[in-house]
Structure formats: structure tokens, C-alpha cells
Amino acid sequence: MKVIISGSSGFIGSHLSKNLLLLDKEVIAASRNVALNVNYRIKSYNELINLYNGSSFLVHLAGSNLNIDLDINNEKETIKELATVYKNKLIYISSATVYGSNSLEKVNEFSKINPLNSYAKNKLLCEKEVVKNGGIVLRVSNVFGPLMSNKSVFYDILKQLCKKNIILENFQAERDFIFIDDVCNAIKSVLDDPCEGIYNVSSGRGTSIKNICDIILELKGLDINNFNYISKNKRKSTLIIDSSLFKRTFKWNRTTSLKQGIKKLLTEEI
Numbered sequence: 001m002k003v004i005i006s007g008s009s010g011f012i013g014s015h016l017s018k019n020l021l022l023l024d025k026e027v028i029a030a031s032r033n034v035a036l037n038v039n040y041r042i043k044s045y046n047e048l049i050n051l052y053n054g055s056s057f058l059v060h061l062a063g064s065n066l067n068i069d070l071d072i073n074n075e076k077e078t079i080k081e082l083a084t085v086y087k088n089k090l091i092y093i094s095s096a097t098v099y100g101s102n103s104l105e106k107v108n109e110f111s112k113i114n115p116l117n118s119y120a121k122n123k124l125l126c127e128k129e130v131v132k133n134g135g136i137v138l139r140v141s142n143v144f145g146p147l148m149s150n151k152s153v154f155y156d157i158l159k160q161l162c163k164k165n166i167i168l169e170n171f172q173a174e175r176d177f178i179f180i181d182d183v184c185n186a187i188k189s190v191l192d193d194p195c196e197g198i199y200n201v202s203s204g205r206g207t208s209i210k211n212i213c214d215i216i217l218e219l220k221g222l223d224i225n226n227f228n229y230i231s232k233n234k235r236k237s238t239l240i241i242d243s244s245l246f247k248r249t250f251k252w253n254r255t256t257s258l259k260q261g262i263k264k265l266l267t268e269e270i
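Structure follows, in C-alpha cells:
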């Protein structure tokens with residue numbers, strides 16, 4: 001099986017390409033950036049159309065992380081072209097941010113959509129093009145692990161461990177965190193037995209930012225009582241994702257707990 005990965009120099013893409021190669025998959029790791037795992041440099045993701053051979057899969061991870069209208073419009077048009085060619089061989093990695101940032105209950109694929117910024121709105125526009133052509137959309141929750149962005153809350157915490165006061169946006173905010181290896185396994189399960197539609201991929205469990213901080217301090221051997229947690233705001237913010245549909249359809253389950261994942265993050269990267 002040939003698998004093309006766009007955005008392969010990024011966090012998820014670099015892990016996915018490595019994992020698939022270990023399974024003896026033929027991987028084309030495409031990116032506009034230079035990286036050790038990238039074996040196919042491109043200037044535009046439209047060029048991936050030329051790689052389609054009727055049986056190859058495209059896992060599309062590339063996209064703008066910014067709320068810039070020009071980038072968003074370009075991405076939408078790119079997805080439209082790719083979806084028209086790859087059809088049911090396109091796996092589009094979307095985001096659980098399309099549900100907003102506050103829900104009293106777990107959200108599933110039939111829950112109300114509430115995109116709060118241009119990034120999330122663009123994800124929805126791209127999803128429509130993929131689904132219209134029989135492709136697969138994965139709405140992934142908060143992914144963490146080695147090689148993740150240094151702008152993440154994990155690094156915000158780690159950078160402040162030398163201080164008594166740890167200041168974050170909102171310690172009470174509750175999110176659904178999933179380890180990178182579990183996300184890669186989820187994508188592999190789709191490649192093995194694809195089924196069109198929109199699916200959530202998540203741990204299914206909510207964790208407060210305070211709990212993340214507590215776990216990091218414990219694993220670093222630091223006394224929680226020596227630190228003050230200060231929130232910039234205390235606005236209620238909860239988003240927990242129900243991935244039961246994905247589990248049933250693709251016979252998948254996560255294997256890494258939050259604490260195990262954080263331990264791997266600290267061991268492998270910090």
C-alpha cells in the first residue's frame with residue numbers, strides 16, 4: 001500500500017510517517033519544508049494530484065494554523081482539488097475545535113457545531129469537500145507527545161518550573177488529551193479498513209489544565225505545595241469528545257493513558 005502524507009514535517013506527520021515505515025508501508029512523506037523524514041519536497045500541495053495512481057491513499061495533515069483569510073482560502077481550494085481526485089482515498093485530519101470550547105456534555109459527530117475562529121470554520125469548509133467526494137474526516141482532540149509545538153500548554157508549564165508562580169490562561173479549562181501514538185494507530189486502522197464519513201478521535205476523557213500541571217510536577221519529583229497556580233481568567237471552558245463511533249467502526253482503542261503519555265514526553269524530549 002502506498003500512503004502519501006502531506007504536512008509530513010509537522011508534529012503528527014513526522015510520527016505517522018515513521019510509524020508506517022516500521023510497518024513496511026510505502027510512504028511518500030511530502031512537505032514544503034525540509035526535514036529528516038521528508039522524501040518528497042513540493043512547492044504547493046496541489047502537486048500531490050500527480051501522485052495519485054488509483055490505489056494510493058492521501059493523509060492530509062497540512063494546513064494553516066493561523067486565522068489568515070488568504071491562507072484559509074488557498075487551503076479550501078487545495079482540498080477541493082485533492083478531494084475530487086483522491087475521493088474515498090483521502091483521509092482529512094480535522095480538529096475537534098469545530099465544536100467550540102464549551103459543552104456541558106461529551107460531544108459526538110451529531111452534536112452542534114460551533115466554530116469560534118477562522119481556523120475552525122475553514123476546517124468545516126474542507127470537511128464538506130472531503131465528505132462530498134466520499135472521503136474520510138477525522139476530528140482529532142488535543143494531541144500531545146514528543147516533537148509537539150513549544151507553544152503548547154505542556155511547554156508553558158515546563159518553562160515556569162523554575163518559578164514559584166505558574167501563570168497560565170486558565171487552570172480550570174478542561175480538554176480531551178490524546179497521545180500521538182494513539183492518533184497514529186487510529187489513522188492506521190482507517191488505512192487498513194476505510195469507511196467514509198466523519199469521525200471523532202479522542203481519549204473520551206476530560207482533564208483540567210491543573211491536573212496536567214499536577215502530573216508534570218509529580219513526574220519531575222517536585223512538591224506541588226511549593227507552587228502557586230495563577231489563572232489569567234477563570235471562564236468556564238470544557239470540551240470532551242466522544243469517539244465511540246470511531247471505536248466501533250474501526251475496532252480501535254487508545255493504549256496510552258494521560259500520565260503514561262506525559263512521562264514519555266518528558267523522557268524522550270525534555
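Under my numbering, think of the first position of the sequence shown as 1, with each following residue one higher.
Glycine included, C-beta positions come from ideal geometry on N, C-alpha and C.
- Ranking Val-183, Asn-39 and Leu-158 by CA distance to the CA of Ile-93 puts Val-183 first.
- Per DSSP, reduced to three states, the secondary structure at Phe-154 is helical.
- Restricting attention to Asn-117, Ser-141 and Lys-89, the CA atom closest to the CA of Leu-51 is found in Lys-89.
- The closest CA to that of Lys-188, considering only Leu-239, Thr-78 and Phe-57, is found on Phe-57.
- Judged by DSSP secondary structure, Asn-253 falls outside any beta strand (DSSP E); it is assigned neither H nor E.
- Between Leu-48 and Ala-35, the beta carbon gap of about 17 angstroms keeps them out of contact (Cβ cut-off 8 angstroms).
- C-alpha of Val-131 to C-alpha of Phe-246: approximately 16 angstroms in a straight line.
- If you compare the alpha carbons of Asp-176, Leu-125, Gly-134 and Ile-209 with that of Ser-103, the shortest gap goes to Asp-176.
- Nearest Cα to Cys-162 within the set Lys-123, Leu-217, Phe-11 and Ser-244: Leu-217.
- With at least 16 other beta carbons inside 10 angstroms of its own, Ser-243 counts as buried.
- Taking a contact to require three or more Cβ pairs closer than 8 angstroms, the region 211-231 and the region 157-172 qualify as touching.
- In terms of CA proximity to Val-59, Met-1 leads the group Met-1, Asn-108 and Ser-237.
- In summary, Phe-250 is buried, with 16 or more beta-carbon neighbours lying within 10 Å of its beta-carbon over all protein chains present.
- In terms of Cα proximity to Ile-262, the closest of Glu-105, Trp-252 and Leu-147 is Leu-147.
- Closest by C-alpha distance to Ile-166, out of Asn-225, Glu-105 and Ile-198, is Asn-225.
- The DSSP-derived three-state label of Lys-112 is coil.
- Between Gly-204 and Ile-180, the CB-CB gap reaches or exceeds 7 angstroms.
- Going by beta carbons, Ala-83 and Gly-7 fall outside the 7 angstroms limit.
- Taking C-beta atoms under 8 angstroms as the contact rule, Ile-178 and Asn-200 fail to qualify, at a distance of about 10 angstroms.
- Checking the DSSP bridge columns, you'll see Lys-2 partnered with Glu-26.
- Annotated three-state conformation of Asn-142 is strand, per DSSP.
- Counting along the chain, Tyr-119 sits inside the alpha helix (DSSP H) bounded by residues 118-132.
- Per DSSP, reduced to three states, the secondary structure at Val-34 is coil, with no helix or strand assignment.
- The criterion of a C-beta distance shorter than 7 angstroms is satisfied by Ser-17 and Ile-5.
- Under the rule that a run must span 3 or more residues, the beta strand (DSSP E) segments found entirely inside the region 218-256 read 228-231.
- Assignment of Leu-161 by DSSP, reduced to helix, strand and coil, places it in the coil class.
- Taking Phe-154 as reference, the option from Lys-220, Ser-14 and Lys-128 with the minimal CA-CA separation is Lys-220.
- Asn-200: member of the beta strand (DSSP E) spanning 197-201, first to last residue.
- When beta bridges are read from the DSSP output, Glu-174 appears opposite Ser-208 and Thr-238.
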